[in-house]
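One structure below.
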Amino acid sequence: MKRLLLTLAVTFGFCSFVLADENQVASEIIESLETAKGFVKQKNWEKVQEELNYALSKIGEIKSQNLVKFLPEAPKGFRKENANAQSIGSAGAFVGSAGAVNATADYYPEKDDDNSKSVKIEIFSGGMLGGIGGLAQAFSGFAQSGGTKNTNVRIKGYKGMQEWEEDYGKLTIAIENKATIVISANGYPNAEILKTFAELINFSGIEKEQK
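If you're matching positions, the sequence shown starts at 1 in this note's numbering and goes up one per residue.
So, in structure tokens, the structure goes:
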């Protein structure tokens, strides 16, 4: 039953994962693919699809786990919360992003009890969602705003676009159309907070992970 629910979750939408042993997950992938081969010989295509979807979900589990490690620890004076990763699964094939994953984490000042100030880091990886999908997320909320200040920036050798309006903004950095990092901040007087958190991210490590 647990396996069936996981397969359905990955087939029809996003699925969150907890950290798992990579070797154990790899063994499950191999087992599922071997089972799928048996169903191919029987021409039981429904079962073949079920096994392949399950294998894809486990691959997404490993990719998600690897992506979470690039969410930086909180800098001094902040706390890190809600770190997690998701996989879009086989449903992403409709938009060229089967197996795409994203990882997110929220950061709050340690002395801010009402969470009026916050920073979010999102890493999109794989398929179109890793490229233009992440960029679409970055530009959402600014399209009809006339007071937004857009600035081209460069962080650790990577180009990005910074958007800021009053006390809210985003910094978007794309890596070879394979991954997109979006840093958003709310409740701060200027955009310096975006660069502060951007400096904590291992962009070159994320780039290597995509190859």
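Glycine included, every Cβ here is placed at the ideal spot set by N, Cα and C.
All of these numbers come straight from a predicted model, not from anything done at the bench.
Where the alpha helix (DSSP H) through residue i begins and ends
i: residue 171; result: Run containing residue 171: none in the alpha helix (DSSP H); it sits in the beta strand (DSSP E), 168-175.
i: residue 74; result: Here residue 74 belongs to no alpha helix (DSSP H), and DSSP marks it neither H nor E.
i: residue 32; result: 22-42
Range of the contiguous beta strand (DSSP E) that encloses residue i
i: residue 81; result: 78-87
i: residue 181; result: 179-186
i: residue 151; result: 149-155
i: residue 162; result: 158-165
Residues bridged to residue i (per DSSP)
i: residue 48; result: Answer by DSSP bridge pairing: none, since residue 48 is not bridged.
i: residue 199; result: Answer is none; residue 199 lacks a bridge partner.
i: residue 122; result: 104, 182
i: residue 109; result: 78
Neighbour flag for residue i against chain D, beta carbons, 9 Å
i: residue 206; result: Among the chains of the structure shown, chain D does not appear; only one protein chain is present.
Anticipated Cβ contact below 8 Å, residue i with residue j, distance rounded
i: residue 102; j: residue 122; result: 6 Å
i: residue 124; j: residue 179; result: 6 Å
i: residue 188; j: residue 175; result: Going by Cβ atoms, the distance from residue 188 to residue 175 rounds to 25 Å, so no, they are not a contact pair.
i: residue 209; j: residue 155; result: No, residue 209 and residue 155 are not in contact; Cβ-Cβ is about 18 Å, not under 8 Å.
i: residue 70; j: residue 201; result: 7 Å
i: residue 107; j: residue 80; result: 6 Å
i: residue 29; j: residue 58; result: 5 Å
Count the C-beta pairs between the stretch 181-191 and the stretch 113-124 that are closer than 8 Å, then say yes if the count reaches three, no if not.
Note that the stretch 181-191 touches the stretch 113-124; at least 3 beta-carbon pairs, one per stretch, sit closer than 8 Å.
So, do the stretch 159-166 and the stretch 52-71 have three or more beta carbon pairs nearer to each other than 8 Å?
Cβ pair count under 8 Å is below three, so no.
Are three or more beta carbon pairs between the stretch 57-66 and the stretch 22-30 nearer than 8 Å?
The answer is yes - the stretch 22-30 touches the stretch 57-66, with three or more Cβ pairs under 8 Å.
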